[in-house]
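So the sequence shown is numbered by my numbering: it starts at 329 and just counts up by one. Ideal Cβ placement from N, Cα and C applies to all residues, glycine included. All figures in this text were calculated on a predicted structure; none of them were measured in a lab. Input: a single structure, listed below in C-alpha cells.
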Amino acid sequence: MEFDPLLLSRAQFAFTIAFHILFPTFTMGLALFLVYLEGQWLRTRDGFFMDSAKFWSKIFALSFGTGVVSGVVLSYEIGLNWGEFSRITGNVLGPIMSYEVLTAFFLEAGFLGIMLFGWNRVGPKFHYFATVMVGLGTFLSAFWILSANSWMHTPDGFRFEDGQFFVTSWWDAVFNPSFPYRWAHMLNASYLTTTFVVAGIAAWYQLGNRDHEFATRTFKAAVLTAALLAPVQVLIGDLHGLNTFEHQPMKIAAMEGHWETHRSAPFLVFAWPDQKVADNYFELPIPYAGSLILTHSLDGEVPGLKEVPPEDRPYVPLVFFSFRLMLALGGLMLALSWYGAYRVLRRRGEFSRAYLRMMMWASPIGFIAVLAGWLTTETGRQPWTVQGLLRTSDAVSNNITGGEVAFSLMVFIGVYTALFGAFLWFLLFMIRRGPKGTMPDAGSARAATTAPAFYG
Numbered sequence: 329m330e331f332d333p334l335l336l337s338r339a340q341f342a343f344t345i346a347f348h349i350l351f352p353t354f355t356m357g358l359a360l361f362l363v364y365l366e367g368q369w370l371r372t373r374d375g376f377f378m379d380s381a382k383f384w385s386k387i388f389a390l391s392f393g394t395g396v397v398s399g400v401v402l403s404y405e406i407g408l409n410w411g412e413f414s415r416i417t418g419n420v421l422g423p424i425m426s427y428e429v430l431t432a433f434f435l436e437a438g439f440l441g442i443m444l445f446g447w448n449r450v451g452p453k454f455h456y457f458a459t460v461m462v463g464l465g466t467f468l469s470a471f472w473i474l475s476a477n478s479w480m481h482t483p484d485g486f487r488f489e490d491g492q493f494f495v496t497s498w499w500d501a502v503f504n505p506s507f508p509y510r511w512a513h514m515l516n517a518s519y520l521t522t523t524f525v526v527a528g529i530a531a532w533y534q535l536g537n538r539d540h541e542f543a544t545r546t547f548k549a550a551v552l553t554a555a556l557l558a559p560v561q562v563l564i565g566d567l568h569g570l571n572t573f574e575h576q577p578m579k580i581a582a583m584e585g586h587w588e589t590h591r592s593a594p595f596l597v598f599a600w601p602d603q604k605v606a607d608n609y610f611e612l613p614i615p616y617a618g619s620l621i622l623t624h625s626l627d628g629e630v631p632g633l634k635e636v637p638p639e640d641r642p643y644v645p646l647v648f649f650s651f652r653l654m655l656a657l658g659g660l661m662l663a664l665s666w667y668g669a670y671r672v673l674r675r676r677g678e679f680s681r682a683y684l685r686m687m688m689w690a691s692p693i694g695f696i697a698v699l700a701g702w703l704t705t706e707t708g709r710q711p712w713t714v715q716g717l718l719r720t721s722d723a724v725s726n727n728i729t730g731g732e733v734a735f736s737l738m739v740f741i742g743v744y745t746a747l748f749g750a751f752l753w754f755l756l757f758m759i760r761r762g763p764k765g766t767m768p769d770a771g772s773a774r775a776a777t778t779a780p781a782f783y784g
C-alpha cells in the first residue's frame, strides 16, 4: 500500500498543531487573569484574590507545561516533514521565530518559577512583577508566532531570489497586512475562551454547593468579562474578514460558498458545496447579506471561486462548514454571557441550576471555536503555504516516504493521547481540591449528582 507523504504530513501537522494550540489559547487568557487577581490583592488585601491567584496559577503551570511539551515537537516536525518550506522561507520566518524564543520564552521561563514558588520567598511587589512578566511573555509569544503565520497569508517586505525569500523590510514583514487583525482576533479569542473555562469551573462549585464565595464572585466576574469580550470578538472578526476579502478573496469565496462572481450576494446560512461540480446542492440564503457584510453595500460585488482554476481553489466544504461552526459557537457564547450579565447587573438573585449546568458544559466551547477558526483560515489558504507564491505540494520534504510519516503520525497520536489524558487527570484533581486545597466529601449525594462534568 502506497502512502502519500504530502497528505500524511499535512494530517500530522494539523493534528499536532491543533493539539498544541489549545494550551497557549488557555495560558494567554489565564496569564492576564492572574495579573488582574494579584493586582487586586495588592490593592485591596482581600484574601479572596490571593486564594484565587494561587489556585489559578497551579492550573496555569499545568497548562503551560503541557503546551511546552507539545510545542517542542513542532519545530522538529517542520524541519523533517517540511524541509523545502524551511529552506525557501527560512530567511524570513527563522529570525521571527527566534525573536519569540529570545523575548517571550525567556521571560516566561525566567519568571515562571518565581510566580509559582515565590509567594513566601520574595516580596509581594516583586512577585507581582514576576506575574506581569509571565503575562507579558505570553503576549509577546502570540505577537511573534502570529506575525510569522500572518506573513504566510499576506507576505510583504521580501524579495524572491534563487528559489528563496529574502527580507527587504523587517517592518513590512513583521507588520504584514493581516497581522494586526489576526493577532487581535486570537488574543481576544484566548481571553474569551478562558472566561468560559473559569465560569464553567465556578459553576461546578456552585452546583456542588462548595467554596461559595470563591464560586459566586468568580462566576459573576467571568460572565461579565465574557459579555464584554464576545461583541468585541464579533467586531474584530468583521475587520479581519474585510482584510481577508481584500488580500485573500478566494478564501472568502470558500467561506461564503460562492462559486460565481455576482453583485447583491446573499449570505448562505447553510449550503452543501460540491467541489467536483463547483456548485451547491442546497442553499438557505439571506438575500443581500453577503454583499452587505463584505462590501458594506447591498449591491457590492463578491468574487466567486470560478475566478481561479480548480487547482487554485481551497477545499470548499471544509472551509465552509468550519466557518459556520465558529460562527454558531460564537453566537452561543454571546447569548450565554449576555444572559448571565443581565442577571448580574439587574441583581436577579441566584442563577438557576439549569443556567449553571449550561455554563459548566459550555466551558470547552471556546476551544472548539478556536479550532474551527484556525481550520477555516488555514485550509482556506490552500493550496498555498505562502499565499500565491509557494504551493503546499512544493513545501514538503523531498527525502521522506509516506510510510515514515504514517509511522510517526501513529506515534504522535498515541503519545499526545496519553499526554492529554495525564493533563485532564491532573486538571480534574486540581479542580476537585479547589482553592482551599480540600477534596469534596465523596459521600455527598448533592455534589456527586450535580457536578458530573468534573468527576469524569
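{"Asked": "Note down, in chain order, each residue of its chain lying with its Cβ closer than 7 Å to the Cβ of residue 420, except the 5 sequence neighbours on either side.", "Found": "479, 486, 493, 495, 501"}
{"Asked": "May I have the straight-line CA-CA distance separating residue 706 from residue 513, to the nearest angstrom?", "Found": "15 Å"}
{"Asked": "On the CB-based measure, 16 or more other CB atoms within 10 Å of its CB, does residue 659 come out buried or exposed?", "Found": "exposed"}
{"Asked": "Hey, which unbroken runs of the alpha helix (DSSP H) at 4 residues or more fall wholly within the segment 551-628?", "Found": "577-584, 617-623"}
{"Asked": "Figure out for me which residue from 718, 390, 670 has the closest Cα to the Cα of residue 758.", "Found": "390"}
{"Asked": "Hey, could you find the ends of the beta strand (DSSP E) residue 486 is sitting in?", "Found": "486-489"}
{"Asked": "Around the C-beta of residue 721, are 16 or more other C-beta atoms found within 10 angstroms, so that it is buried, or is it exposed?", "Found": "exposed"}
{"Asked": "Out of 644, 627, 625, 626, which one is the CA nearest neighbour of residue 634?", "Found": "644"}
{"Asked": "Note down the Cα distance separating residue 588 from residue 762, rounded to an integer number of angstroms.", "Found": "56 Å"}
{"Asked": "Measuring only the C-alpha atoms, how far is residue 348 from residue 361?", "Found": "21 Å"}
{"Asked": "Measure the alpha-carbon distance for residue 388 versus residue 397 and round it to whole angstroms.", "Found": "14 Å"}
{"Asked": "Let me make sure I understand the geometry here. Which of 548, 393, 719, 682 has the alpha-carbon closest to that of residue 441?", "Found": "393"}
{"Asked": "Since residue 718 sits in a beta bridge, which residues does DSSP pair it with?", "Found": "714"}
{"Asked": "Output the boundary residues of the alpha helix (DSSP H) element that contains residue 471.", "Found": "452-481"}
{"Asked": "Do the CB positions of residue 559 and residue 585 come within less than 7 Å of each other?", "Found": "no"}
{"Asked": "Tell me whether residue 630 sits in a helix, a strand or coil according to DSSP, three-state version.", "Found": "strand"}
{"Asked": "Leaving out the 5 sequence neighbours to the left and right, which residues in its chain are closer than 7 Å to residue 594 when beta-carbon positions are compared?", "Found": "613, 614, 615, 616, 617, 618"}
{"Asked": "Using beta-carbon positions only, say whether residue 503 and residue 527 come within less than 7 Å of one another.", "Found": "no"}
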